[in-house]
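Here is the structure we will look at, set down as structure tokens.
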Amino acid sequence: MPEIDMSIIWLVLIIIGVVTEIASMGLTSIWFAVAALISFVLAKLGLPLIVQILAFVLATVLLLIYTKPIAKKYLKIGQHKTNVEALINQTAKVTEKIDNINGSGKAFINGMTWTARSQNDELIDENEIVRIIKIEGVKLIVTHE
Numbered sequence: 001m002p003e004i005d006m007s008i009i010w011l012v013l014i015i016i017g018v019v020t021e022i023a024s025m026g027l028t029s030i031w032f033a034v035a036a037l038i039s040f041v042l043a044k045l046g047l048p049l050i051v052q053i054l055a056f057v058l059a060t061v062l063l064l065i066y067t068k069p070i071a072k073k074y075l076k077i078g079q080h081k082t083n084v085e086a087l088i089n090q091t092a093k094v095t096e097k098i099d100n101i102n103g104s105g106k107a108f109i110n111g112m113t114w115t116a117r118s119q120n121d122e123l124i125d126e127n128e129i130v131r132i133i134k135i136e137g138v139k140l141i142v143t144h145e
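So the sequence shown is numbered by the numbering used here: it starts at 1 and just counts up by one.
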């Protein structure tokens with residue numbers, strides 16, 4: 001049985017890690033790709049398979065523990081609010097009386113009219129200013145300002 005060239009296996013793992021990272025952009029698989037690169041170099045140097053595997057595991061763990069938090073901080077991965085999340089704690093103007101019992105209510109914010117419901121089933125009249133507490137689906141959940 002022919003011996004497998006481990007550098008090819010490490011190269012495949014590098015490619016899989018990079019492609020997965022490009023697809024997810026979450027700083028999850030790039031660390032495995034870097035660790036596989038280290039093991040690829042060790043394989044090319046002719047070091048034993050056990051050394052390659054230990055280097056891969058050790059490099060992965062160290063990269064995840066020490067560099068991922070730094071990279072996330074400077075690249076601001078997962079720290080950007082979406083447009084919807086940015087509305088929380090903002091104020092809006094009620095354009096249709098909010099009445100949870102009858103299923104009515106609209107509020108206007110940032111050039112858009114949203115369906116609105118009050119937080120505690122309170123009635124809120126048209127033209128009142130409300131604070132957005134949370135968003136459920138496409139409805140603003142609001143309370144008196």
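We treat Cβ as the ideally placed atom computed from N, Cα and C, and that holds for glycine.
Just so you know, these numbers come straight off a predicted model, no measurement behind them.
Counted within 10 angstroms of its Cβ, other Cβ atoms place residue i as buried (16 or more) or exposed
i: V142; result: buried
i: A23; result: exposed
i: G137; result: exposed
Other residues of its chain near residue i: CB distance less than 8 Å, five sequence neighbours each side excluded
i: E128; result: K93, V94, H144 and E145
i: T91; result: I109, I129, V130, R131, I132 and E145
i: L123; result: K97, I98 and D99
Cβ-based neighbour list, residue i, same chain, cut-off 6 Å, excluding 5 preceding and 5 following
i: D125; result: K97
i: L13; result: A36
i: M1; result: Below a pLDDT of 50, predicted positions are generally treated as unreliable, and M1, at 42, falls in that range; the measurement from the model is reported next regardless. Contacts found: none.
Identity of the residues DSSP links to residue i by a beta bridge
i: A116; result: L140
i: V130; result: A92 and H144
i: A135; result: Going by the sequence as given, residue 135 is Ile instead of Ala. L140, per the DSSP bridge assignment.
Quiz item: Can you give, in chain order, each stretch of the alpha helix (DSSP H) that sits fully within the stretch 87-113 and has at least 4 residues?
Solution: none
Quiz prompt | Segments assigned beta strand (DSSP E), at least 3 residues, entirely inside the stretch 40-73 | solution = none
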